[in-house]
Every structure is written in structure tokens, then in C-alpha cells.
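The sequence shown lines up with residues 0 to 309 when you count with the numbering used here. Glycine is no exception: its CB is placed at the ideal position from the N, C-alpha and C atoms. Below is one structure, written out as C-alpha cells, with a few remarks after it.
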Amino acid sequence: MLSVKNVIDIADLSVDDINLILENADTFNEVLERDLKKVPALRGKTILNLFFESSTRTRISFELAAKRLNADLINFTASSSSMKKGESIIDTIKTIQSMIVDLLIVRHSDSGVMDFISRNTGLPIINAGDGKHQHPTQALLDLYTIKKAFGDFKGLKVSIVGDIINSRVARSDMLLFKKMGMDVTLVSSSMLLPENLDYFGVNVRNNIDDIIETADVIYMLRMQLERQERKYYPSINEYNRFLSLDFKRLQSMKEGAIVMHPGPVNRGTEISEAVMNSEDTMKQKIKINEQVRNGVAARMALIYLILTTG
Ligand code: CP
């Protein structure tokens with residue numbers, strides 16, 4: 000049984016919770032490999048996908064996860080709702096609540112919205128990404144992908160590379176990877192690093208070449224152009240010199256090491272076209288599509304555990 004009903008911050012989950020989610024993800028992963036990719040575990044439950052910010056992977060992944068568990072899933076998109084006519088977020092939520100739902104999955108640009116919705120509805124809530132703050136289910140699917148590649152976490156060297164300061168994925172991944180015993184290094188320029196790094200207990204480097212031959216996991220981050228209210232880096236050329244993954248760097252990674260990225264990728268910025276185009280022939284090394292695939296099983300596990308916890 001999970002110790003929580005809400006997953007707003009990855010720190011909400013204990014190590015026992017995390018291991019339980021991973022075990023269940025394995026079970027659901029087997030379901031997804033069958034011809035009939037469905038179990039009746041959540042028949043009669045209703046889940047609402049509330050997305051106030053754009054998404055491809057996360058929204059579809061939660062939708063598939065709910066449907067594979069036989070729950071009813073409703074998609075709410077702010078841009079085509081009565082919020083366009085001026086309805087407030089709280090009136091929107093109360094309206095939806097009147098229709099009786101069991102779980103809310105919320106993506107929003109404002110970090111405070113998750114607590115606000117949780118307090119005002121009393122419904123279980125999963126954070127599907129809030130501003131620059133957290134993306135807990137991305138971190139869970141990342142952890143599950145690492146587990147499938149390495150079997151264990153203790154002592155694995157993980158380097159998270161790129162736009163750390165604007166990244167909710169980096170925040171959730173750092174906390175989760177450290178909690179599971181991994182050795183985490185951030186690779187970025189000082190302009191793209193937050194100030195409170197002592198809190199995370201991570202190492203810091205400024206050049207991807209410092210870690211390329213020793214890291215077990217190279218986690219490339221998306222340059223978050225939509226969240227940059229000022230210019231954080233002088234030029235793409237400069238970024239490519241110190242922080243991008245090109246084919247030469249890919250080939251210098253150690254045997255067994257893997258590349259990850261939460262998507263969507265800015266081709267030519269954080270990862271070169273040549274590396275992106277080689278994913279199909281280098282599946283053992285480049286795990287970006289596998290992360291997306293694992294996201295469905297990891298989210299099935301989390302939804303199932305939340306809705307069956309007494
Ligand atoms: N990784 C991720 O959150 O992608 P989307 O924005 O497409 O959901």
C-alpha cells in the first residue's frame with residue numbers, strides 16, 4: 000500500500016513507496032506486452048486529465064495508462080473549455096467535481112495550483128508537471144528505465160546535462176536518484192544552474208567532456224526556451240561546444256552506459272541530428288523512446304496504487 004494519496008512532489012514518496020511502484024510497473028509492463036493489453040483493475044473509477052499547459056507524452060501516457068486499467072478517462076484542455084469565457088480555475092474544478100471523479104491528474108504552469116486544487120476538492124491528485132517545480136511521474140518512469148537497464152541503483156553514476164535552472168524534470172530526478180543511492184552530477188554552465196544546490200547534495204561540472212567516459216547514465220535535458228524570460232546562453236554554437244551530445248561524444252561513452260532525455264528534443268541543440276537519427280539502431284544505448292514506453296507502465300502502477308490504497 001502507498002503511504003500517500005497525492006503525488007505533488009517526488010519527495011512525498013518513501014523508498015518503500017518507490018519500490019512498490021517499480022514492482023507494480025513490472026507487472027503492468029507484462030500486461031502491455033500481451034495481445035490484450037488491458038486489465039479490469041480500475042473498472043468503475045473515473046480519472047480526469049486536467050491539462051492547462053501543452054503536452055504530448057504525459058497526457059497520452061496517462062490516458063493510455065487509465066484505459067489499460069479499464070478506468071474511465073476524461074480529458075480536459077483549458078484552451079477549449081469555458082475558462083476561455085472567463086470561468087475561474089476553482090469554479091472549473093468544482094464543476095468537474097460535481098460530476099464525481101476519483102482522481103485528478105494536473106499539469107499547470109503555476110507550482111501552487113496543485114496544493115490549491117487538492118485543498119479545494121479533497122480528491123487525490125497527481126502532478127503531471129508544474130512550472131519549473133516538479134514532474135514526479137517523469138522521474139518515476141526515468142527510474143524505471145534505469146532499473147530495466149542496470150537492475151540496481153546503488154553507486155550508479157548519473158549525469159544530468161543542460162538547462163537545469165528551468166527544468167522541473169531535473170528537480171524531480173535529482174531528488175529521486177539521490178534517494179535511491181545514485182551518485183548525481185549536474186553538468187551545466189553557471190548561468191543555467193540554480194543557487195540552492197547544496198540542498199540536493201550533487202556534484203557539479205561545466206563540460207560534458209568531463210563525464211562522458213565515466214557516467215553510467217547521461218541524462219540530456221531540453222533547453223526550456225518557453226520558460227526563459229532572459230537569454231541564459233550566448234549561442235547554440237557555444238552550447239554545442241560544452242553541453243550537447245554529438246556522435247563523437249556518444250561513441251566515447253563507456254560500455255553499457257545509456258542516454259536519456261525526457262522529450263521533446265530540440266534537435267541540434269541538446270542532441271545532434273545524427274544521434275537522434277541513430278536511436279533505432281542503437282536501442283541498447285539511446286533510451287529516449289523506451290522512456291516513453293515505460294511511462295505507461297509506471298503511470299499504470301501509480302494510478303492503480305493510489306486508487307486502491309484505502
Ligand atoms: N516529458 C514530457 O513531459 O513531455 P510532454 O511535455 O510532451 O508531456
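Pocket of the ligand CP defined by Cβ to heavy atom distance under 7 Å: S53, S54, T55, R56, T57, R58, G128, H134, Q137, V168, P261, G262, P263
Could you work out which residue in I257, P123, S81, L191 is closest to F241 when comparing CA atoms only? L191
Run through DSSP, which three-state label would T213 get? coil
Assuming contact is defined by CB atoms lying nearer than 9 Å, are S251 and I270 in contact in what I supplied? no
First and last residue of the beta strand (DSSP E) that includes N74? 71 to 76
Where the beta strand (DSSP E) containing T45 begins and where it ends: 45 to 50
Which of the three DSSP states is assigned to V100 in this structure? coil
So, with DSSP's three-state summary, where would you put A24? helix
Delimiting residues of the beta strand (DSSP E) encompassing T184: 182 to 186
Simplified DSSP state of I163, which is helix, strand or coil: coil
Can you list, in chain order, the residues of its chain whose CB lies under 8 Å from that of K66, leaving out five sequence neighbours each side? K37, L72
Using DSSP's beta-bridge definition, name the partner residues of K156. D182
Considering only DSSP beta bridges, list what N126 is partnered with. V105
Could you check what DSSP says for V258 in three-state terms: helix, strand or coil? strand
From R292 to V186, what does the alpha carbon distance come to, in whole angstroms? 26 Å
What does a CB cutoff of less than 6 Å around N206 pick up in its chain, not counting 5 residues either side in sequence? F241
Return the residue from the list N5, D114, H107, L140 that minimises the CA-CA distance to T76. H107
Can you tell me where the beta strand (DSSP E) holding F38 begins and where it ends? For the sequence presented, residue 38 should be read as Val rather than Phe. Neither: V38 is in no beta strand (DSSP E) and is coded neither H nor E.
Taking the straight line between their C-alpha atoms, what separation do you get for L12 and V201? 20 Å
Pull up the DSSP beta-bridge partners for V203, would you. L185
Beta-carbon separation of V157 and V183 under 9 Å? yes
Per DSSP, which one or two residues make a beta bridge with I311? This structure cannot speak to residue 311, because the chain is shown only from 0 to 309.
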